[in-house]
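Read through the structure below, which is laid out as C-alpha coordinates, and then see the notes.
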Amino acid sequence: MRFHLKGYIVLSKQLDEEVVKRLLELINEANRVLLIKGVPKNKESEAAKVVNWSVSGERVHVEIESGKYVRAHDALFRLKNYLGSALGKEFRIGIRGFGALAYEIEV
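Counted from 1, the sequence shown has number 60 at position 60 by my numbering; the numbering is strictly sequential.
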(Lines of atoms letter the chains of each structure in order from A; the text may use other names.)
(Lines give C-alpha, C1' and ligand atoms only; values in the text may rest on other atoms or scores of the structure.)
Protein backbone atom coordinates (compact mmCIF):
# COMPACT_ATOMS: atom_id res chain seq x y z
CA MET A 1 0.00 0.00 0.00
CA ARG A 2 1.13 3.54 -0.78
CA PHE A 3 -0.23 6.75 0.73
CA HIS A 4 -0.04 10.27 -0.72
CA LEU A 5 -1.14 13.26 1.35
CA LYS A 6 -1.35 16.92 0.40
CA GLY A 7 -1.64 18.97 3.56
CA TYR A 8 -0.72 22.18 5.28
CA ILE A 9 0.47 23.57 8.59
CA VAL A 10 -0.71 27.03 9.69
CA LEU A 11 1.87 29.08 11.59
CA SER A 12 1.40 32.06 13.89
CA LYS A 13 3.15 34.50 11.53
CA GLN A 14 4.60 34.78 8.05
CA LEU A 15 8.08 33.41 7.45
CA ASP A 16 11.06 35.50 6.40
CA GLU A 17 14.05 34.19 4.43
CA GLU A 18 15.99 33.13 7.53
CA VAL A 19 13.11 31.02 8.80
CA VAL A 20 12.52 29.46 5.36
CA LYS A 21 16.20 28.41 5.23
CA ARG A 22 15.88 26.83 8.66
CA LEU A 23 12.63 25.17 7.59
CA LEU A 24 14.47 23.51 4.70
CA GLU A 25 17.03 22.11 7.16
CA LEU A 26 14.30 20.90 9.52
CA ILE A 27 12.35 19.13 6.77
CA ASN A 28 15.51 17.44 5.47
CA GLU A 29 16.32 16.31 9.01
CA ALA A 30 12.77 15.03 9.49
CA ASN A 31 13.09 12.96 6.29
CA ARG A 32 16.38 11.46 7.52
CA VAL A 33 15.49 10.81 11.15
CA LEU A 34 11.98 11.57 12.38
CA LEU A 35 9.89 9.99 9.63
CA ILE A 36 11.79 6.68 9.55
CA LYS A 37 11.41 5.95 13.27
CA GLY A 38 9.59 2.67 13.70
CA VAL A 39 10.46 1.36 10.24
CA PRO A 40 12.43 -1.94 10.05
CA LYS A 41 16.02 -1.51 8.84
CA ASN A 42 15.51 -3.22 5.49
CA LYS A 43 12.21 -1.41 4.76
CA GLU A 44 13.29 2.26 4.61
CA SER A 45 11.53 2.62 1.25
CA GLU A 46 8.24 2.13 3.13
CA ALA A 47 8.91 5.12 5.41
CA ALA A 48 7.18 8.45 5.04
CA LYS A 49 8.94 11.25 3.17
CA VAL A 50 8.16 14.89 2.49
CA VAL A 51 8.49 14.94 -1.31
CA ASN A 52 7.46 18.55 -1.91
CA TRP A 53 6.80 21.62 0.21
CA SER A 54 6.22 25.34 -0.20
CA VAL A 55 5.45 28.40 1.89
CA SER A 56 2.66 30.87 1.18
CA GLY A 57 1.89 33.46 3.80
CA GLU A 58 1.44 31.75 7.14
CA ARG A 59 0.99 28.28 5.64
CA VAL A 60 3.52 25.57 4.92
CA HIS A 61 2.11 23.26 2.25
CA VAL A 62 3.52 19.72 2.22
CA GLU A 63 3.19 16.60 0.10
CA ILE A 64 3.98 13.39 1.95
CA GLU A 65 4.31 9.92 0.44
CA SER A 66 4.57 6.79 2.53
CA GLY A 67 4.30 3.06 2.69
CA LYS A 68 2.68 0.89 5.31
CA TYR A 69 4.98 1.55 8.28
CA VAL A 70 4.72 5.29 8.94
CA ARG A 71 1.51 6.38 7.29
CA ALA A 72 1.29 9.80 5.66
CA HIS A 73 -1.26 11.16 8.14
CA ASP A 74 0.93 10.06 11.07
CA ALA A 75 3.90 11.73 9.39
CA LEU A 76 1.94 15.01 9.20
CA PHE A 77 1.31 14.82 12.97
CA ARG A 78 4.99 14.11 13.63
CA LEU A 79 6.08 16.94 11.35
CA LYS A 80 3.65 19.40 12.96
CA ASN A 81 4.94 18.62 16.44
CA TYR A 82 8.58 18.71 15.35
CA LEU A 83 8.27 22.04 13.51
CA GLY A 84 6.26 23.56 16.34
CA SER A 85 8.94 22.69 18.85
CA ALA A 86 11.90 23.78 16.70
CA LEU A 87 10.40 26.99 15.30
CA GLY A 88 8.98 27.93 18.68
CA LYS A 89 12.32 27.72 20.43
CA GLU A 90 14.33 29.47 17.72
CA PHE A 91 11.91 32.04 16.27
CA ARG A 92 8.91 32.14 18.63
CA ILE A 93 6.64 30.90 15.86
CA GLY A 94 3.81 28.59 16.90
CA ILE A 95 1.46 26.18 15.16
CA ARG A 96 -2.12 27.44 14.79
CA GLY A 97 -3.54 24.47 12.92
CA PHE A 98 -3.03 21.86 10.25
CA GLY A 99 -5.07 19.83 7.82
CA ALA A 100 -5.22 17.68 4.73
CA LEU A 101 -6.38 18.86 1.33
CA ALA A 102 -6.17 15.47 -0.40
CA TYR A 103 -5.38 11.93 0.72
CA GLU A 104 -4.91 9.08 -1.75
CA ILE A 105 -4.43 5.42 -0.90
CA GLU A 106 -3.12 2.94 -3.49
CA VAL A 107 -3.75 -0.71 -2.81
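No residue lacks a Cβ here, since even glycine has one placed at the ideal position from N, Cα and C.
* **Contained alpha helix (DSSP H) runs [length at least 4] in the segment 59 to 101, N- to C-terminal order** => List check, alpha helix (DSSP H) in window: 72 to 91.
* Spatial neighbours of Val62 in its chain, beta-carbon cut-off 6 Å, leaving aside the 5 residues before and after -> The sequence position of residue 62 within the sequence shown is 62, counting from 1. Gly7, Val50, Trp53, listed in sequence order.
* Asked: Between which two residues does the beta strand (DSSP E) carrying Asn42 extend?
  -> Counting from 1 along the sequence shown, the entry for residue 42 is found at position 42. No beta strand (DSSP E) contains Asn42, which DSSP labels as neither H nor E.
* Please classify Leu23: does DSSP put it in a helix, a strand, or coil? => Within the sequence shown, residue 23 is the residue found at index 23, counting from 1. Residue state, collapsed to three classes: helix.
* Asked: Thinking C-alpha only, which one of His73, Gly88, Leu87 is nearest Leu101?
  -> Taking the sequence shown and counting its residues from 1, the one referred to as residue 101 is at position 101. The option with the nearest alpha carbon to Leu101 is His73.
* To do: Mark Ile111 as exposed unless 16 or more other C-beta atoms lie within 10 angstroms of its C-beta, in which case mark it buried.
  => This structure cannot settle anything about residue 111, because the visible part of the chain is limited to 1 through 107.
* Cut-off 6 Å between Cβ atoms - residues of its own chain near His4, not counting five sequence neighbours on either side -> On the sequence shown, residue 4 is found 4 positions in, with the first residue counted as 1. Counting only Cβ-Cβ distances below 6 Å, and skipping sequence neighbours, we find Glu65, Glu104.
* Asked: From Leu34 to Arg78, what does the alpha carbon distance come to, in whole angstroms?
  -> Indexing the sequence shown from 1 puts residue 34 at position 34. Indexing the sequence shown from 1 puts residue 78 at position 78. Going from the Cα of Leu34 to the Cα of Arg78 covers about 8 Å.
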